[in-house]
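Chemist:
Number of protein chains: 4
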Amino acid sequence: MPNPFKLASRECKAIDTVIDVGSVRIGGGSLVVMAGPCSVESEQQVLDTARSVAASGAHILRGGAFKPRTSPYSFQGLGEEGLRYLVNAREKTGLPIITEVLEPEEVELVERYADILQVGARNMQNFPLLRRVGQAQKPVMLKRGFANTIEEWLMASEYILAEGNANVMLCERGIRTFETMARNTLDLTAIPLLKRLTHLPVVADPSHATGKWYLVKPMALAAVAAGADALMIEVHPDPDNAWCDGAESLTPTNFAELMPALEAVVTAVGRQMRPTPALV
Amino acid sequence: MPNPFKLASRECKAIDTVIDVGSVRIGGGSLVVMAGPCSVESEQQVLDTARSVAASGAHILRGGAFKPRTSPYSFQGLGEEGLRYLVNAREKTGLPIITEVLEPEEVELVERYADILQVGARNMQNFPLLRRVGQAQKPVMLKRGFANTIEEWLMASEYILAEGNANVMLCERGIRTFETMARNTLDLTAIPLLKRLTHLPVVADPSHATGKWYLVKPMALAAVAAGADALMIEVHPDPDNAWCDGAESLTPTNFAELMPALEAVVTAVGRQMRPTPALV
Amino acid sequence: MPNPFKLASRECKAIDTVIDVGSVRIGGGSLVVMAGPCSVESEQQVLDTARSVAASGAHILRGGAFKPRTSPYSFQGLGEEGLRYLVNAREKTGLPIITEVLEPEEVELVERYADILQVGARNMQNFPLLRRVGQAQKPVMLKRGFANTIEEWLMASEYILAEGNANVMLCERGIRTFETMARNTLDLTAIPLLKRLTHLPVVADPSHATGKWYLVKPMALAAVAAGADALMIEVHPDPDNAWCDGAESLTPTNFAELMPALEAVVTAVGRQMRPTPALV
Amino acid sequence: MPNPFKLASRECKAIDTVIDVGSVRIGGGSLVVMAGPCSVESEQQVLDTARSVAASGAHILRGGAFKPRTSPYSFQGLGEEGLRYLVNAREKTGLPIITEVLEPEEVELVERYADILQVGARNMQNFPLLRRVGQAQKPVMLKRGFANTIEEWLMASEYILAEGNANVMLCERGIRTFETMARNTLDLTAIPLLKRLTHLPVVADPSHATGKWYLVKPMALAAVAAGADALMIEVHPDPDNAWCDGAESLTPTNFAELMPALEAVVTAVGRQMRPTPALV
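Chains as they are written, first to last, in the numbering used here: chain A, 33 to 312; chain B, 33 to 312; chain C, 33 to 312; chain D, 33 to 312.
1) Could you please give the first and the last residue of the uninterrupted beta strand (DSSP E) stretch that includes D370(A)?
2) Should R208(A) be flagged as near chain C, meaning a C-beta pair shorter than 8 Å?
3) Going by DSSP, name the residue or residues bridged to A67(A).
4) Return the first residue and the last residue of the alpha helix (DSSP H) that A288(A) is part of.
5) Could you tell me the alpha carbon to alpha carbon distance between E190(B) and A296(B), rounded to whole angstroms?
6) Residue ranges of each beta strand (DSSP E) run of no fewer than 3 residues wholly in the region 196 to 239 of chain D, ordered along the chain?
7) Could you give the distance in angstroms between the alpha-carbon of I192(D) and the alpha-carbon of R154(C)?
8) Please name the residue, chosen from E140(C), W275(C), T102(C), F178(C), that lies closest to L115(C) on a Cα-to-Cα basis.
9) With distances taken Cα to Cα, identify the nearest neighbour of T299(A) among T102(A), D261(A), S239(A).
10) Below 8 Å CB to CB, which residues in the same chain sit around E211(D) once its five sequence neighbours on both sides are set aside?
11) For a minimum of 4 consecutive residues, which ranges assigned as the alpha helix (DSSP H) are wholly contained in the region 84 to 129 of chain A?
12) In the structure shown, what three-state DSSP assignment does Q150(B) receive?
13) Is the Cβ of Q167(A) closer than 8 Å to any Cβ of chain D?
14) Mind checking if L134(D) is an interface residue toward chain A, Cβ cutoff 8 Å exclusive?
15) Select from V234(D), K244(D), A46(D) the residue whose C-alpha is nearest the C-alpha of A255(D).
16) Using a Cβ-Cβ cutoff of 7 Å, what residues of the region 134 to 161 of chain D are near chain A? List them in chain order.
17) So which residues of chain A does A194(D) contact, with C-beta pairs closer than 9 Å?
18) Per DSSP, what kind of secondary structure is V256(A) in: helix, strand or coil?
19) Give me the Cα-Cα distance between K38(A) and A293(B), rounded to the nearest whole angstrom.
20) I'd like the span of the beta strand (DSSP E) that includes V72(B), first residue to last.
21) Do the CB positions of M187(C) and T125(B) come within less than 8 Å of each other?
22) Would A255(D) count as contacting chain A if we go by Cβ distances under 8 Å?
23) Does E280(C) come within less than 8 Å of chain D when only Cβ atoms are used?
24) Would you say the region 230 to 244 of chain B touches the region 275 to 283 of chain B, given that touching needs at least three Cβ pairs under 8 Å?
25) Does chain B have any CB closer than 8 Å to the CB of G259(A)?
26) Please identify, using Cβ separations under 7 Å, the residues of the region 175 to 190 of chain A that lie next to chain E, in order along the chain.
27) Determine whether the Cβ of P271(A) lies closer than 8 Å to any Cβ atom of chain D.
28) Could you tell me whether the Cβ atoms of G152(C) and P104(C) are closer together than 8 Å?
29) Within 8 Å, do at least three Cβ pairs link the region 81 to 98 of chain C to the region 60 to 71 of chain C?
30) Give the range of the beta strand (DSSP E) segment to which I47(B) is assigned.
31) Measure from the C-beta of V377(B) to each C-beta in chain A and report whether the shortest distance is under 8 Å.
32) For the beta strand (DSSP E) that R144(A) lies in, which residues bound it at each end?
33) Can you tell me whether DSSP reads R57(C) as helix, strand or coil?
34) Counting only the same chain and skipping the five closest in sequence on each side, list residues whose C-beta sits under 7 Å from that of F98(C).
35) Secondary structure at M317(B), three-state DSSP: helix, strand or coil?
36) Here's the rule: buried if 16 or more other CB atoms are within 10 angstroms of the residue's CB, otherwise exposed. What is D367(B)?
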């Protein structure tokens with residue numbers, strides 16, 4: 033292999049990395065669910081979503097304040113205002129928050145608010161950004177680029193680890209193929225491959241991968257059966273009027289139905305659902 | 033959509049197709065497992081494998097007698113002699129048999145021995161073959177071509193259905209992508225998509241898709257969680273000395289461990305493992 | 033490499049294979065152009081097209097009588113009647129004809145009419161068909177499967193060569209990728225790779241690859257610059273009313289303009305346009 | 033189309049954009065060749081390469097000072113020192129220089145030295161970087177992400193154009209597919225598609241796309257035949273000892289042979305090679 037990864041490898045560290053985010057532990061056997069809207073739209077939207085996913089047992093609140101958008105003419109996120117809404121929701125519900133950071137200069141700001149820093153698929157090989165989050169004090173979730181190999185993904189995690197941040201998790205979110213019925217092809221085979229190659233926790237995002245809400249539940253169950261440590265699920269109180277990615281968002285009701293189904297499968301594979309940290 | 037499929041569609045037939053193969057029913061809720069060697073190598077090898085997978089609860093015996101091989105210089109299968117070995121194993125174990133047919137002229141011969149006719153990935157758009165198995169009296173399992181869209185796959189099933197054979201099942205076996213760590217990328221999203229679009233049973237083949245035995249169990253579990261009606265699993269009594277695809281074959285011991293794990297997951301999603309028809 | 037090709041390799045035969053089709057020589061330096069409609073629709077349509085492409089300097093007439101169609105409900109070709117129309121056009125114009133054969137049983141029939149047997153992309157790994165055309169007396173043009181590697185393609189040619197038919201040419205016609213603006217992605221890099229690996233002539237089909245008539249000329253010129261021995265170009269007297277693939281067909285006028293442009297490029301790379309065999 | 037590009041479109045501006053870089057004009061008919069090493073290794077290496085490619089007729093000197101590398105343990109470039117070596121070579125030869133910029137904060141520094149700012153494939157959707165180079169005073173060459181669609185590529189150029197920088201050129205450098213014989217699949221069909229959709233100049237990079245020096249010449253010729261306005265070619269005085277990408281680098285001798293071959297093809301398609309600005 034031309035690019036041997038070191039710090040990310042099982043050879044370097046045999047035991048699973050477990051990442052503590054408040055009282056939530058990611059990795060190490062139990063299943064963690066991150067849920068929330070694609071983008072933060074208003075204080076009320078985030079709070080309503082946070083309360084509903086917390087009531088259903090979610091562990092972490094997701095929501096985008098800085099949005100990477102294909103078009104410069106699309107909504108680019110609320111920025112720091114959005115981060116404040118997320119913090120407000122955390123205070124009201126007890127759910128830690130994960131949100132995306134887009135550039136090295138933004139890391140300091142985002143780190144002041146977020147509990148987990150997300151590096152998105154388009155930035156998987158943004159090496160200055162990887163180095164900068166490697167110097168952060170918060171855990172990092174590194175999404176797989178939609179055309180990146182597993183080897184490249186592990187090498188990207190190596191950039192973060194090499195700067196001293198040991199709390200890295202990897203998130204599979206679908207790769208680009210010729211098939212167009214789903215937005216991307218969720219590569220679940222990556223999960224057992226990663227569990228063999230690396231000690232880092234593995235997350236799956238069936239919402240962005242499929243782009244269709246009715247595919248989220250079966251693919252979430254499949255990801256858990258394949259060994260995922262955590263899931264990332266989009267939930268929106270009113271998907272038809274979401275500012276982005278409404279077609280892939282679950283309603284709070286759909287999400288409430290998903291959680292016990294996930295618990296049944298994770299139990300069937302000899303693991304367990306983690307208790308929610310929510311103040312509910 | 034430029035090529036609307038008709039007979040395969042839910043619009044044409046809302047209720048799930050259930051295919052009876054002896055006492056085995058494929059589709060309709062319970063899980064069916066097909067297991068056996070990639071290729072028939074000898075009477076003893078097939079019989080030993082059949083007995084061991086039957087003892088573990090498998091429902092159908094798989095084994096190739098006519099093999100499509102990339103190289104003309106590779107082993108091409110035992111032909112009719114291999115079919116006789118499969119029949120012998122069926123008589124001794126009670127397991128119905130599935131085997132591949134490569135060309136229209138061969139269908140009559142294979143149909144005399146096999147319980148299910150398999151059309152392989154490379155032949156998914158071999159239209160004369162599709163028409164010919166459409167005239168056969170036996171059920172057909174149509175594997176997805178490794179670069180074919182779901183729409184093309186359904187159109188290929190339409191060729192079979194249009195000739196009058198209503199007993200068609202579809203088998204996802206991985207698609208070609210840029211990722212090379214596994215042989216192909218198992219597209220499990222195809223399963224819930226197909227369940228929505230068509231009434232035909234859906235099978236998954238994690239062995240050929242991944243090409244690595246240690247990926248078979250997690251991907252088999254994931255396929256069941258995603259909604260597969262049946263699985264196709266390669267089992268060989270001595271994978272290190274298999275004439276083809278040994279690297280992806282489970283040992284009888286691995287397979288024996290897989291079956292209860294599958295039962296746990298299929299139960300968790302509200303379905304059940306079908307009782308084996310084996311004389312054990 | 034797991035599947036070393038032998039007879040197709042430069043190691044086996046260093047000098048370029050040159051295939052004689054009547055007075056047309058494919059391979060060996062000069063450029064050959066095959067042109068004609070996607071499918072044979074009527075005696076008049078074929079004859080008109082043949083006369084116009086012959087007048088513009090084409091060397092071989094293409095036209096499908098047996099058509100592989102994604103849907104069983106699409107036009108499947110005129111069959112033997114279509115072959116007779118092609119022969120009629122050959123007699124009137126002097127252009128040898130190339131046409132597709134879909135199954136082993138059809139080879140004998142098609143061989144009686146055609147000068148070159150075409151094996152289409154969907155049949156690149158239809159091994160019984162490859163063996164059967166390997167026993168034919170006519171040259172074979174083997175199209176690359178749209179998801180097949182160059183290695184698999186050479187191995188497929190090996191099936192034909194191993195049966196004794198040394199007159200095989202390879203036709204690049206685009207591969208499947210995530211890009212959807214053109215129908216497929218014409219992989220012109222395959223041309224110099226093949227010229228290095230094999231002695232067999234290499235053809236490019238920019239019409240099927242791109243699916244858009246206005247991309248045919250630049251991609252045809254590019255294929256010649258990359259080293260193609262021959263081109264396959266769809267021409268239809270009335271593309272708007274073609275029974276298949278009209279969007280990618282050149283009008284006779286467009287084709288007449290293409291030919292001198294091709295001659296300029298082939299001359300620029302130190303080769304030459306072959307004289308047409310047409311009785312014009 | 034969900035993301036209509038505006039400023040990049042032919043609808044917005046029908047006439048070709050021509051970018052002046054010193055006395056070199058990119059776009060508008062004549063062919064421009066950028067050549068040089070993958071990475072700047074030493075003052076002497078850059079100067080030697082610059083002199084040899086200038087003597088052969090190249091127009092612009094390329095060389096990386098900030099290198100995006102898959103592994104954090106690989107050579108990451110000489111940084112500002114490398115930029116000074118490039119400027120030294122420009123002063124000695126008269127060739128303008130193009131070099132890559134990796135992050136927004138670096139733009140100011142790189143802009144002080146370079147004549148053209150290159151945004152690499154991995155940063156095609158690094159939106160903060162796109163915005164920042166959109167505010168720069170120097171032209172930008174935007175490479176296509178190896179898994180990005182043409183539509184996304186045009187939308188990425190829109191980010192730059194929307195900030196006020198009208199001097200954007202697009203560089204095709206290969207996309208990821210299942211084929212592994214060449215590093216990537218050079219998508220030359222993108223060239224005529226882009227020429228139809230946008231007024232921006234189009235560049236092709238056959239060196240990075242193929243990864244093999246012996247494929248560079250045929251693919252460079254093909255790119256010109258397909259309509260490329262400029263080429264980017266890796267040249268290294270000693271490829272066997274290059275610090276990166278030696279396998280794809282031409283020797284100065286190979287490059288000297290390439291230039292008249294390019295001139296022959298560009299003349300054949302009715303255009304011409306631009307005179308070199310070099311002080312030779």
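From the three backbone atoms N, C-alpha and C, an ideal C-beta is built for every residue, glycine too.
Note that the structure is predicted; figures quoted are calculated from it, not measured.
Modeler: Put simply:
1) The structure shown does not extend to residue 370(A), since chain A is modelled only from 33 through 312, so no value can be given for it.
2) yes
3) L93(A), I265(A)
4) 284 to 300
5) 35 Å
6) 200 to 204, 234 to 236
7) 43 Å
8) E140(C)
9) Comparing Cα positions, the closest option is D261(A).
10) Taken in chain order, the residues that qualify are T217.
11) 112 to 125
12) Strand, per DSSP.
13) no
14) By this cut-off, L134(D) is an interface position.
15) Comparing alpha carbon positions, the residue from V234(D), K244(D), A46(D) closest to A255(D) is V234(D).
16) L134, E135, P136, E137, R154, N155, Q157, N158, F159, P160
17) P104, Y105
18) helix
19) 33 Å
20) Run containing V72(B): none; DSSP gives neither H nor E here.
21) no
22) no
23) no
24) yes
25) yes
26) This model lacks chain E altogether, as its protein chains are A, B, C and D.
27) No, P271(A) lies away from the interface with chain D (no Cβ there is under 8 Å from its Cβ).
28) no
29) Yes, they touch.
30) From DSSP, I47(B) is part of no beta strand (DSSP E); its letter is neither H nor E.
31) Residue 377(B) cannot be examined here, being either before or after the span of chain B that is shown, 33 to 312.
32) Not the beta strand (DSSP E): R144(A) falls in the alpha helix (DSSP H), residues 139 to 145.
33) strand
34) If we look at F98(C) and ignore the five residues flanking it on each side, its Cβ neighbours are G109, G111, E132, V133, L134, E138.
35) An answer regarding residue 317(B) cannot be provided, because it is not within the stretch 33 to 312 covered by chain B.
36) Limits of chain B in this structure are 33 at one end and 312 at the other, which puts residue 367(B) out of reach.
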